[in-house]
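If you read the protein sequences in the order shown, they are chains A and B. Reminder that position 120 of the first sequence reads as 120 in the numbering used here, one-by-one numbering, no gaps. Reminder that position 65 of the second sequence reads as 1065 in the numbering used here, one-by-one numbering, no gaps. In what follows, a single structure is set out as structure tokens and then discussed.
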Amino acid sequence: MPILAMDTATMVSSVAVADDKRLLAELIVENKLTHSETLLPNVEQVLKLAGVKREDLAAIAVSMGPGSFTGLRIGLAAAKAIAYGLNIPLVGIPTIEGLAWHYPVPGVTVAGFIDAQKGNVYTSHYCWNGSGFDEIKSIEVLSLAEAVDACVKVAGPVVAVGDMVAKKLVKLDNLPKNLIVPPKHMLMPRAANIAMAGLNRLAAGQMDNIMDMEPIYIRKSEAEVLWEKRQQALANDAAGKDAK
Amino acid sequence: MDKEKIITLAIESSCDETSAAVLEGGRTILSNIIATQIPIHRKFGGVVPEIASRKHIINIMPVIDEALSKAGKTLDEVNQVAVTYGPGLVGALLVGVSAAKALAFSRDIPLIGVNHLEGHIFANFLSSPELKPPFVALVVSGGHTSLVHVKDYNSFSLMGQTRDDAAGEAFDKVARVMGLPYPGGPQIDKLAQDGNPLAIDFPRALQEKGNYEFSFSGLKSAVLNYLNSMKLKKIEVNKADVAASFQHTVIEVLLAKAMDAIKETGCDTLVLAGGVAANSSLEKRLRETTAKNKINFYYPDKILCTDNAAMIGCRGYYQSLAGKYSDLYLNAVPGLALQDLE
């Protein structure tokens, strides 16, 4: 029962085909080409490499975010439409849960650092439970310093993963002693991980609804934030006038 | 295969409507589903790209599913997928393009990338089954104003387009300054019905014969300056007169250039296309003038003037007859322009 997996949350475009027994084929590409151009040709290519016909796919798994808003939507729109076109289930996997699958080691915490712009990161922590990952610190937006600080409080080793590790984290001084920075090729998303997490979900009987799924954004759009600020200011002004 | 039986599934997500349609042959609409976001963007005074994209990713599959079920067709019966790949908001376009590519891939059927502006012109083929090229098309939408000589279904010549602001942009900006709710075009049109179109003499740009380019930024500034100076002088303006005079100026410019283009090309047919085609005064003025000059005049039904996937399906169908397909590398092109096509 082959599953197709994709991850377009960051600069990395990755697609993979796996089944219950093994990873059949995987592409991991980080170049300047856009996801919108390359995702579908890569999907076509990875199926060819795996020797799997599209109509033989049994499910799709997709990285849900957080990450680049546009990248996430390119991946999710494609995943939804393939699931619809082939009439197969779709499961969404949090991007940092996918990253955690780089380190399925008992007693090790995996901390995600995904670029949230302006020096902030989307961060959450996962721990291997023997067959999958438990989220032990739920996702939020923190400054990079706060996110590093959250790792100090963890008992035992913490492995840092995500696009902000190479971009910003390694440049910080005085990293916590329990924080491990892996080599560059073990920091970024890969679709094989999404496939493994997806197979777990499917085995547990879980699937998502393609009719209303949306990416995990965490953050609102700038326009909404500004609008809410303005409404708040207006409300405060009005309250001030009433008080007078 | 009988080309009249070709089933095209079309997708449009270039701005603030998510739409999917199913066509049989080039001109029979089996369904045309449009999920509009206008109420969502109204509080921001205009379309917010990120919010539009977020709505598209939620709406895209329900809209496609509804289009198929309303058409009474299954995916098995769909022969090809057409999708808008530009112009428009890049994040919005990408949702439709990505979904269309994935559908074409998963069903192993051809994909056709469609220029949204060409789609607007082709909306006329859906409203008017008897319409055939050649004709002159006046395309007037939120972001574009152009005159196109449509020689054949796949042969166009761009006669001229806007140098700066499109007509629709000027409408929206003037409406916003007058405190009218978004989208401003229909509001100006409504307000203008009670105003005197000759009350204020606003400037008209690029009036020389044989110039088919448009410029509305000077007109826009003139209206804004007029409103400002009246405010400074504490003179109450008659908003209906401003709306009517502004609209009149836009319409007369469009009309004069369109009639010149008809004369130069020797066409006997003028076609109006784009969102601003829904403007009742523009449509009326063009209808009267063309009738007087014995020129055939076509404009789309109101629903086909707005952004919709049926027009994309129609354009895609005629592209497919000429073998103009896209591959899976198709990307969104936000600045895609109308171009000569031979």
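For each residue, glycine too, the CB sits at the ideal point set by N, CA and C.
Taken through DSSP and simplified to helix, strand or coil, residue 1144/B comes out as coil. DSSP, read as helix, strand or coil, puts residue 1337/B in coil.
Between the region 1156-1175 of chain B and the region 1212-1226 of chain B there are three or more C-beta pairs closer than 8 Å, enough to call the two in contact. Think of a sphere of 8 Å around the beta carbon of residue 1050/B: the chain A residues whose beta carbon falls inside it are 69, 221, 222, 223, in chain order. Beta-carbon to beta-carbon, residue 125/A and residue 136/A are separated by about 5 Å, close enough to satisfy the 8 Å threshold. Along the region 1052-1063 of chain B, the positions whose C-beta sits under 9 Å from a C-beta of chain A are 1053, 1054, 1056, 1057, 1058, 1060, 1061, 1062, read in chain order. Beta-bridge partners assigned by DSSP to residue 64/A: none are found.
Judged by DSSP in its simplified three-state form, residue 1306/B adopts coil rather than helix or strand. In chain order, 148, 169, 181 place their CB closer than 8 Å to the CB of residue 175/A, counting only its own chain and leaving out the 5 sequence neighbours on each side. Checking the DSSP bridge columns, you'll see residue 142/A partnered with 121/A. Bridge partners of residue 93/A according to DSSP: 63/A. Within the same chain, and ignoring the five residues on either side of residue 1100/B in sequence, the residues whose Cβ sits closer than 6 Å to its Cβ are 1011, 1081, 1083. The beta carbon of residue 78/A falls within 8 Å of a beta carbon belonging to chain B, placing the residue at that interface.
If the five residues before and after residue 1103/B are omitted, its C-beta is found closer than 6 Å to the C-beta atoms of 1081, all from its own chain and listed in chain order. Under the 8 Å Cβ criterion, the region 211-230 of chain A counts as touching the region 60-79 of chain A, having at least three qualifying pairs. Contact annotation: in the region 1204-1231 of chain B, no residue has its CB less than 8 Å from a CB in chain A. Straight through space, the alpha carbons of residue 1191/B and residue 28/A are spaced by roughly 57 Å. In this chain, residue 113/A is not harboured by any alpha helix (DSSP H), its DSSP state being neither H nor E. A buried status is given to residue 122/A, since no fewer than 16 other beta-carbon atoms sit within 10 Å of its beta-carbon.
Neighbours of residue 1044/B in chain A, taken as residues at a C-beta separation under 7 Å, are given in chain order as 223, 227. When the Cα atoms are used, residue 1004/B and residue 1025/B turn out to be separated by approximately 4 Å.
At least 8 Å separates the beta-carbon of residue 1097/B from that of residue 1309/B. Put simply, the CB of residue 210/A is near chain B, with a gap under 8 Å to one of its CB atoms. Within the DSSP secondary-structure output, residue 137/A pairs in a beta bridge with 125/A. Closest option to residue 1160/B, judged by alpha-carbon separation, among 1179/B, 1138/B, 1180/B, 1174/B: 1138/B.
The DSSP assignment places complete beta strand (DSSP E) segments of no fewer than 3 residues inside the region 1249-1313 of chain B at 1269-1273, 1296-1298, in order along the chain.
Below the 8 Å Cβ cutoff, chain B contributes 1331 as neighbours of residue 34/A, in chain order.
In the pairwise beta carbon analysis, the region 26-40 of chain A is classified as not touching the region 90-98 of chain A: fewer than three pairs are separated by under 8 Å. Assignment of beta strand (DSSP E) within the region 1088-1132 of chain B, counting only whole runs of 3 or more residues, yields 1111-1115 in chain order. Counted as a single uninterrupted DSSP element, the stretch harbouring residue 58/A is not any beta strand (DSSP E), since DSSP gives it neither H nor E.
For the C-beta of residue 86/A, the chain B residues within less than 8 Å are, from N- to C-terminus, 1106.
The alpha carbon of residue 22/A has as its nearest neighbour, out of 212/A, 130/A, 196/A, the alpha carbon of 196/A. Judged by DSSP secondary structure, residue 108/A falls outside any alpha helix (DSSP H); it is assigned neither H nor E. Interface residue (Cβ-Cβ distance to chain A less than 8 Å): residue 1098/B is classified as such. In the three-state DSSP reduction, residue 98/A falls in the helix class (H, G or I).
Apart from the 5 residues on each side of it in sequence, residue 1262/B sits with its Cβ closer than 7 Å to the Cβ of 1136, 1270, 1295 in its chain, given in chain order.
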